[in-house]
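Engineer: Each residue of the sequence shown is one higher than the one before, starting from 7 at the first, in the numbering used here.
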Amino acid sequence: MESGPAIFAGTAFTLFGAGLLLWTGARLRHRAPVAHGVSPATAVTLAAFFGAAFLALGVWSFGRV
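#1: What distance in whole Å lies between the Cβ atoms of Gly16 and Phe55, which are believed to be in contact at a cut-off of 8 Å?
#2: Drop a sphere of 10 angstroms on the beta-carbon of Ala53, count the other beta-carbons inside from all chains shown, and report buried for 16 or more, exposed for fewer.
#3: Are the CB atoms of Gly64 and Gly25 nearer to each other than 9 Å?
#4: Is Thr51 buried or exposed, if buried means 16 or more other CB atoms sit within 10 Å of its CB?
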């Protein structure tokens, strides 16, 4: 019974992290701002960090199954 929530959490975290990394990469490729009103270097750094963190958290959740 405990594997159901771990699978759901792993899927949600992995999809969000991968989506954030893909979106950030696409914004960089088109030379578009990642976040309005924020320094570009700060926005890219934080978006990449949190994208990787959520992706790692999703993989860790799958490892708990």
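A virtual CB, placed ideally from N, CA and C, is assigned to each residue, including glycine.
Structural biologist: Put simply:
#1: Incorrect: roughly 20 Å between the Cβ atoms, too far for contact.
#2: buried
#3: no
#4: exposed
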